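**Student:** Below are the structure tokens for one structure; questions will follow.
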Amino acid sequence: MKLSSQKNIFKLFTICFVSLYSHWGMASIDSAKKAFEERNYQIAYEEFMKYARIGNAQAQYYIGLMYYQGKGTKADIYEANAWFGLAREGGYRNAIDMMQRLRRELPSKREAKSVLQDIESLYGEQALSETLFPILTNDNLLEQQLTPLKVKTPQVPDTSGWVLINVNIDENGFVHSPKVLASYPEGVFDTASLSAAREWRFKSQQVGEQMEQINDYVIKFEFKSSNVRSHQKYLRSLNKYTDTLKITARSGNADAQYLLSRLYGQGIMRPKMSDKIRTATAWLLEAAKSGHAKARFELANRLLDGRGVQTDPVKAYLWLEMAANDNYGPALTMLAREILLNYSSEAEYSKAVDMLEKAVIKGDENANQELGIIYATTVYDRHFDPYKSTQIAKSGLVLDDQHPDYLTVMAAAYSAQGSNQKASEVLYQAYASALNRGWPTSRLVSLAQQLAIDLDAQQVVATTANNNNVNVSQKSRVDSGESKPKLVPIDRIGPTYPDTAKDKHIEGWVKLSYSVNRNGLVEDIEILGAQPEEVFDEAAISALKQWRYEPIVENGKTVKVGGYKVKLAFTLQN
1 MKLSSQKNIF KLFTICFVSL YSHWGMASID SAKKAFEERN YQIAYEEFMK YARIGNAQAQ
61 YYIGLMYYQG KGTKADIYEA NAWFGLAREG GYRNAIDMMQ RLRRELPSKR EAKSVLQDIE
121 SLYGEQALSE TLFPILTNDN LLEQQLTPLK VKTPQVPDTS GWVLINVNID ENGFVHSPKV
181 LASYPEGVFD TASLSAAREW RFKSQQVGEQ MEQINDYVIK FEFKSSNVRS HQKYLRSLNK
241 YTDTLKITAR SGNADAQYLL SRLYGQGIMR PKMSDKIRTA TAWLLEAAKS GHAKARFELA
301 NRLLDGRGVQ TDPVKAYLWL EMAANDNYGP ALTMLAREIL LNYSSEAEYS KAVDMLEKAV
361 IKGDENANQE LGIIYATTVY DRHFDPYKST QIAKSGLVLD DQHPDYLTVM AAAYSAQGSN
421 QKASEVLYQA YASALNRGWP TSRLVSLAQQ LAIDLDAQQV VATTANNNNV NVSQKSRVDS
481 GESKPKLVPI DRIGPTYPDT AKDKHIEGWV KLSYSVNRNG LVEDIEILGA QPEEVFDEAA
541 ISALKQWRYE PIVENGKTVK VGGYKVKLAF TLQN
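Following UniProt numbering, the numbering of the sequence shown begins with 1 at its first residue and continues without gaps.
As structure tokens, then:
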């Protein structure tokens with residue numbers, strides 16, 4: 001799912017609202033309540049304000065209470081009255097009693113009305129409906145279901161009940177990491193359902209121009225007893241369970257709110273006329289307002305796809321940022337990709353890479369593949385690490401040795417290490433594997449163009465092999481500048497790893513500048529920097545002298561062009 005077409009809108013919108021939503025990173029509203037109970041009022045005030053500003057009625061009530069009592073902030077009866085008013089509008093019942101009490105204490109009803117209007121214009125239901133909340137379009141929309149290619153039904157007793165299993169689905173459609181999200185009766189069907197879920201397989205999922213791992217997908221198992229009385233007894237029991245769950249959710253519990261959204265979305269619960277909140281998306285919004293990271297991410301995707309809500313990429317981006325600030329892996333990956341599509345500085349680029357690295361720690365394989373390419377192809381020294389790319393590729397190829405994405409990462413790593421022959425061979429292998437699986441190839445083709453590899457060739461042209469079977473990392477990162485013609489390499493020989501450095505397990509890099517003469521040969525080589533100094537200089541210069549490019553033609557004549565730069569990295573690998 002892409003947000004890039006809305007990037008300019010996002011930037012303008014974010015600038016306008018930075019003062020309102022500048023502290024979105026949060027775990028849940030429970031952290032604020034805990035601080036309040038422990039009398040850490042300053043912290044509690046700051047935490048509650050984060051939630052109050054995004055429409056959480058319970059947080060708005062607490063902010064009103066703290067203004068009324070002068071805890072964590074200066075006492076202000078007009079501010080207290082205003083925040084109690086917002087909490088009452090949001091359905092928080094305790095706020096009604098406080099509003100009635102304050103009505104007798106307010107020195108000026110005109111001033112109270114003015115302050116209330118000011119705060120409502122920023123954080124009231126109507127204001128947030130325009131800037132943040134989704135507009136619902138379908139009251140009974142069930143969750144989007146993926147296409148299963150193989151299903152397995154759990155072997156369970158003749159008893160009514162259900163289980164929701166959370167799973168990750170890899171690019172080949174296989175299920176990984178099944179966990180019980182919820183079940184009723186609790187624990188009765190869990191073991192059998194987990195075992196069955198592991199055997200499911202789905203159609204591979206393509207998102208944009210690449211195959212994706214799907215995180216936190218829910219498989220539902222529902223069981224109905226053949227005994228009518230037994231099933232009716234179960235329905236009565238389930239009704240009590242859901243009523244209790246609603247009470248917990250209305251008290252502000254984010255997990256209960258999120259579970260209700262799932263139960264409505266999976267069709268296990270159906271709305272009653274007496275329910276104020278009646279849909280999966282409405283409960284998802286409540287969970288998101290209470291700080292549930294997964295709910296925020298799902299709400300962002302619904303706003304992008306228009307599932308049950310009006311499509312709104314600006315609101316989607318705001319919820320996505322909140323989920324990413326909560327360190328939810330898929331949200332970090334999605335936001336990082338958007339930044340990488342539109343970054344304008346090294347700082348923005350580094351921020352995106354840092355997000356991807358956090359996402360990997362959270363177990364997101366999509367982020368791992370992104371990093372594999374970045375470490376091998378980035379133009380920024382801080383992030384260039386072809387050894388990491390190789391390790392990512394190797395780990396991904398353990399379970400699937402023909403995985404197109406990890407083969408692509410491996411090819412990029414080989415190219416960065418000066419092994420152009422291996423890079424060509426592996427990238428061609430990745431291309432063939434992607435075609436065989438019906439996977440998109442646009443990203444792979446783009447990398448091939450960047451590395452000057454012809455994927456349509458009948459065979460891969462060989463280049464000089466590395467000496468002593470030592471992997472020599474060569475970062476072919478030519479910085480030609482906007483005013484210089486693009487170089488088309490014919491031959492780029494990998495440098496020979498110095499024996500002394502190899503024996504002492506020394507790694508490093510050399511950055512050089514050079515010119516390309518009228519015949520496509522390299523001249524005017526100068527060392528711009530090296531780490532460590534003078535260890536790899538001769539090897540780097542010797543290799544660069546052997547590079548050859550297609551002659552540069554300008555106005556029908558071959559010309560010499562200078563000022564090109566390249567960084568050669570020397571990395572020992574096991």
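Here a beta-carbon is modelled for each residue, glycine too, at the ideal position from N, C-alpha and C. None of the values given here were measured: they were computed from a predicted structure.
What are the residues that DSSP puts in a beta bridge with ARG548?
**Tutor:** Stepping through the sequence shown from its first residue, residue 548 is reached at position 548. For ARG548, which the question treats as bridged, DSSP gives the partners ASP491, LEU521.
**Student:** Verify the contact flag: GLU130, CB atom, against every heavy atom of the ligand ZN, threshold strictly below 7 Å.
**Tutor:** The ligand ZN is absent from the structure shown, which contains no ligands of any kind.
**Student:** Rounded to a whole number of angstroms, what is the C-alpha to C-alpha distance between ASN168 and SER424?
**Tutor:** Indexing the sequence shown from 1 puts residue 168 at position 168. Indexing the sequence shown from 1 puts residue 424 at position 424. The straight-line gap from Cα to Cα measures roughly 32 Å.
**Student:** Along the chain, where does the beta strand (DSSP E) containing ILE570 start, and where does it finish?
**Tutor:** Numbered from 1 along the sequence shown, position 570 holds the residue referred to as residue 570. Note that residue 570 corresponds to Phe in the displayed sequence, not to Ile. Where PHE570 is concerned, the enclosing beta strand (DSSP E) stretches over 561-570.
**Student:** From what residue to what residue does the alpha helix (DSSP H) around VAL228 run?
**Tutor:** Taking the sequence shown and counting its residues from 1, the one referred to as residue 228 is at position 228. Start and end: 228-250.
**Student:** Quick one: give me the first and last residue of the alpha helix (DSSP H) that PRO386 is part of.
**Tutor:** The residue given as residue 386 occupies position 386 in the sequence shown. Segment 386-397, the alpha helix (DSSP H) holding PRO386.
**Student:** Identify every run of the beta strand (DSSP E) within the segment 102-168, keeping only runs that are complete inside it and at least 3 residues long; order them along the chain.
**Tutor:** Taking only runs of at least 3 residues, the beta strand (DSSP E) segments lying wholly in the segment 102-168 are 148-150.
**Student:** Please determine, among ASP537, SER108, ALA59, LYS74, the residue with the shortest C-alpha to C-alpha distance to LYS34.
**Tutor:** The residue given as residue 34 occupies position 34 in the sequence shown. The candidate whose alpha carbon is nearest that of LYS34 is ALA59.
**Student:** Taking just the CA atoms, how far does PHE221 sit from THR159?
**Tutor:** The residue given as residue 159 occupies position 159 in the sequence shown. The residue given as residue 221 occupies position 221 in the sequence shown. Each residue's alpha carbon lies about 12 Å from the other.
**Student:** Looking only at C-alpha atoms, which of ARG302, PHE384, TYR406 sits nearest to residue 608?
**Tutor:** Limits of the chain in this structure are 1 at one end and 574 at the other, which puts residue 608 out of reach.
**Student:** Using C-beta distances below 6 Å, list every residue in its chain close to ILE43, excluding the 5 sequence neighbours before and after it, in chain order.
**Tutor:** Stepping through the sequence shown from its first residue, residue 43 is reached at position 43. ALA35.
**Student:** Find out if the Cβ-Cβ distance for the pair ASN517, LYS560 is shorter than 8 Å.
**Tutor:** By 1-based counting over the sequence shown, the position of residue 517 is 517. By 1-based counting over the sequence shown, the position of residue 560 is 560. In this structure, LYS560 lies closer than 8 Å to ASN517 by Cβ.
**Student:** For THR147, which option in LYS294, GLY308, GLN205, LEU181 has the closest C-alpha, if you only look at C-alpha atoms?
**Tutor:** Stepping through the sequence shown from its first residue, residue 147 is reached at position 147. Per the Cα distances, GLN205.
**Student:** Is the Cβ-Cβ distance between ASP161 and PHE223 less than 8 Å?
**Tutor:** As a working note, residue 161 is residue 161 in the sequence shown. As a working note, residue 223 is residue 223 in the sequence shown. The sequence given here has Gly at residue 161, not Asp. The answer is yes: Cβ separation under 8 Å.
**Student:** Alpha carbon to alpha carbon, how far is MET322 from ALA293?
**Tutor:** Here the question's residue 322 lines up with position 322 in the sequence shown. Here the question's residue 293 lines up with position 293 in the sequence shown. About 8 Å.
**Student:** Is there contact between the segment 278-290 and the segment 242-256, where contact requires at least three CB pairs shorter than 8 Å?
**Tutor:** Touching, yes.
**Student:** Could you tell me the distance, in whole angstroms, from the CA atom of ASN301 to the CA atom of ALA295?
**Tutor:** Locating residue 301 in the sequence shown gives position 301, counting from the first residue. Locating residue 295 in the sequence shown gives position 295, counting from the first residue. Approximately 10 Å, taken between the alpha carbons.
**Student:** Along the alpha helix (DSSP H) that carries GLY372, what are the first and last residues, could you check?
**Tutor:** Numbered from 1 along the sequence shown, position 372 holds the residue referred to as residue 372. Counting along the chain, the alpha helix (DSSP H) containing GLY372 begins and ends at 365-377.
**Student:** Any idea if ASP170 is buried or exposed, counting beta-carbon neighbours within 10 angstroms, 16 or more meaning buried?
**Tutor:** The sequence position of residue 170 within the sequence shown is 170, counting from 1. Looking at its Cβ environment, which holds 16 or more other Cβ atoms inside 10 Å, ASP170 is buried.
**Student:** Using only CA atoms, which one of GLN144, SER129, PRO489 lies nearest to ALA316?
**Tutor:** Residue 316 sits at position 316 when you count from the first residue of the sequence shown. Comparing Cα positions, the closest option is SER129.
**Student:** Along the beta strand (DSSP E) that carries PRO404, what are the first and last residues, could you check?
**Tutor:** Against the sequence shown, residue 404 aligns to sequence position 404. First-last for PRO404: 404-416, but that is the alpha helix (DSSP H), not the beta strand (DSSP E).
**Student:** Taking the alpha carbon of ASN227 as the point to measure from, which residue in LEU194, PRO157, HIS176 has its own alpha carbon closest?
**Tutor:** Along the sequence shown, read from residue 1 onward, the residue named residue 227 stands at position 227. Checking every option, the nearest Cα to that of ASN227 belongs to PRO157.
**Student:** Excluding the 5 residues preceding and the 5 following TRP319 in the sequence, name in chain order all residues of the same chain whose CB lies nearer than 6 Å to its CB.
**Tutor:** Walking along the sequence shown from the start, residue 319 turns up at place 319. Answer for TRP319: ARG296, LEU299, ALA300, listed in chain order.
**Student:** Suppose contacts are defined by Cβ-Cβ distances below 8 Å. Is LEU407 in contact with VAL379 by that definition?
**Tutor:** The count along the sequence shown starts at 1 and reaches residue 407 at position 407. The count along the sequence shown starts at 1 and reaches residue 379 at position 379. Taking 8 Å as the Cβ cut-off, LEU407 and VAL379 do not qualify as a contacting pair.
**Student:** Does the beta-carbon of ALA75 have 16 or more other beta-carbons within 10 angstroms, so that it is buried, or is it exposed?
**Tutor:** Looking up residue 75 in the sequence shown gives position 75. So ALA75 counts as exposed.
**Student:** Determine the direct distance from the alpha carbon of ILE541 to that of VAL510, and round the result to whole angstroms.
**Tutor:** In the sequence shown, counting from the first residue as 1, residue 510 sits at position 510. In the sequence shown, counting from the first residue as 1, residue 541 sits at position 541. When rounded, the distance between both Cα atoms is 9 Å.
**Student:** Per DSSP, VAL309 is paired with what?
**Tutor:** Indexing the sequence shown from 1 puts residue 309 at position 309. Bridge partners of VAL309: LEU136.
**Student:** Identify, in the order they occur along the chain, each residue of the same chain with its Cβ nearer than 8 Å to the Cβ of GLY306, setting aside the five sequence neighbours on each side.
**Tutor:** Taking the first residue of the sequence shown as 1, we reach residue 306 at position 306. THR137.
**Student:** Who are the near neighbours of ASP190 in its chain, counting only those whose CB is closer than 8 Å to its CB and skipping five residues on each side?
**Tutor:** The residue labelled residue 190 in the question sits at position 190 within the sequence shown. VAL163, VAL180, SER183.
**Student:** Count the other CB atoms within 10 Å of the CB of THR558; is the residue buried (16 or more) or exposed (fewer)?
**Tutor:** As a working mapping, residue 558 is identified with position 558 in the sequence shown. With fewer than 16 Cβ atoms within 10 Å of its Cβ, THR558 is classed as exposed.
**Student:** How many angstroms separate the CA atom of LEU106 from the CA atom of GLY85?
**Tutor:** For the purposes of this step, residue 106 is taken as the residue at position 106 of the sequence shown. For the purposes of this step, residue 85 is taken as the residue at position 85 of the sequence shown. Taking the straight line from one Cα to the other gives about 14 Å.
**Student:** Is the separation between the beta-carbon of GLU47 and that of ALA57 shorter than 8 Å?
**Tutor:** Sequence index remark: in the sequence shown, residue 47 carries index 47 (1-based). Sequence index remark: in the sequence shown, residue 57 carries index 57 (1-based). Not closer than 8 Å, so no.
**Student:** Whose CA, out of GLU209, LEU116, LEU399, lies closest to the CA of ARG88?
**Tutor:** Numbered from 1 along the sequence shown, position 88 holds the residue referred to as residue 88. Comparing Cα-Cα distances from ARG88 to each of GLU209, LEU116, LEU399, the minimum goes to LEU116.
**Student:** Ordered along the chain, which non-local residues of its own chain (more than five positions away) have a Cβ less than 8 Å from that of ILE373?
**Tutor:** Residue 373 sits at position 373 when you count from the first residue of the sequence shown. Taken in chain order, the residues that qualify are SER389, THR408, VAL409, ALA412, LEU447.
**Student:** Are the Cβ atoms of ILE493 and TYR549 separated by less than 8 Å?
**Tutor:** Numbered from 1 along the sequence shown, position 493 holds the residue referred to as residue 493. Numbered from 1 along the sequence shown, position 549 holds the residue referred to as residue 549. In this structure, TYR549 does not lie closer than 8 Å to ILE493 by Cβ.
**Student:** By DSSP's criteria, GLN421 is part of a beta bridge. Which residues make up the other side?
**Tutor:** On the sequence shown, residue 421 is found 421 positions in, with the first residue counted as 1. According to DSSP, GLN421 bridges with nothing at all.
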